[in-house]
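In the working numbering, the protein residues as written are 66 to 265.
Right, dumping it as structure tokens:
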């Protein structure tokens with residue numbers, strides 16, 4: 066299982082990691098949290114080049130990853146900085162900076178955030194799905210309430226970044242968006258309150 070854990074759930078990390086403890090293989094891609102917000106602020110004030118803000122934002126993901134690992138270690142997770150996509154069977158918080166520096170395939174743009182990076186890592190490492198854990202808990206429909214299923218090609222939302230749907234379609238990967246509370250049900254039962262974004 067590969068998960069993207071956003072900064073919006075930074076205060077609920079124990080709730081995120083507890084149901085993952087029983088898994089043999091799980092990789093966590095960290096969001097950028099307050100560290101990426103700071104990069105955005107600096108970029109807006111100083112008009113940084115796209116590449117500079119891109120690499121600063123990915124460094125922010127690594128920083129949140131270090132913070133996240135403080136909690137994750139209690140549930141059997143390691144902290145890893147892989148150089149390639151041959152990810153062994155273990156539970157780990159994955160720091161993405163080295164991978165992206167070595168395989169610089171994504172646009173240098175704020176359209177690409179940790180959401181897109183999680184899909185890209187999943188595709189390269191052979192995962193067929195990404196689980197995004199976020200406070201939003203899913204994608205709200207036009208009439209209120211969460212959509213259960215939506216096609217990536219038809220997706221209009223700010224719950225994921227604008228480049229994510231393109232990658233989901235390109236690689237034929239699905240993304241399930243849920244809250245920390247919903248994650249346990251998804252792991253135990255294969256279903257939970259949330260939104261399945263179909264890329265395949």
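We put the beta carbon where it would ideally sit given N, CA and C, even for glycine. All values derive from a computational prediction rather than experimental measurement.
Contact between residue 130 and residue 158 is confirmed by a C-beta separation of about 5 angstroms, below the 8 angstroms threshold. Rounded to the nearest whole angstrom, the CA to CA distance from residue 212 to residue 120 is 34 angstroms. One thing to note: residue 201 has its Cβ no nearer than 9 angstroms to the Cβ of residue 145.
Partner residues in the beta bridge of residue 216, as assigned by DSSP, are 263. Scanning the region 122-197 from its first residue to its last, the whole beta strand (DSSP E) runs of 3-plus residues come out as 143-145 and 156-159.
Residue 205 is bridged by DSSP to 211. Within the DSSP bridge table, the entry for residue 67 names 92 and 195 as partners. If you look at residue 234, you'll find it in the alpha helix (DSSP H) that goes 229-236. Here the region 173-180 makes contact with the region 210-227; the two share three or more CB pairs at distances below 8 angstroms. From the listed residues 115, 139 and 152, the smallest Cα separation to residue 94 is found for 152. Taking a cut-off of 8 angstroms for Cβ pairs, the region 82-89 and the region 110-128 do not touch, as fewer than three such pairs fall below it. For residue 99, the number of other beta carbons within 10 angstroms of its own is below 16, and it is reported as exposed.
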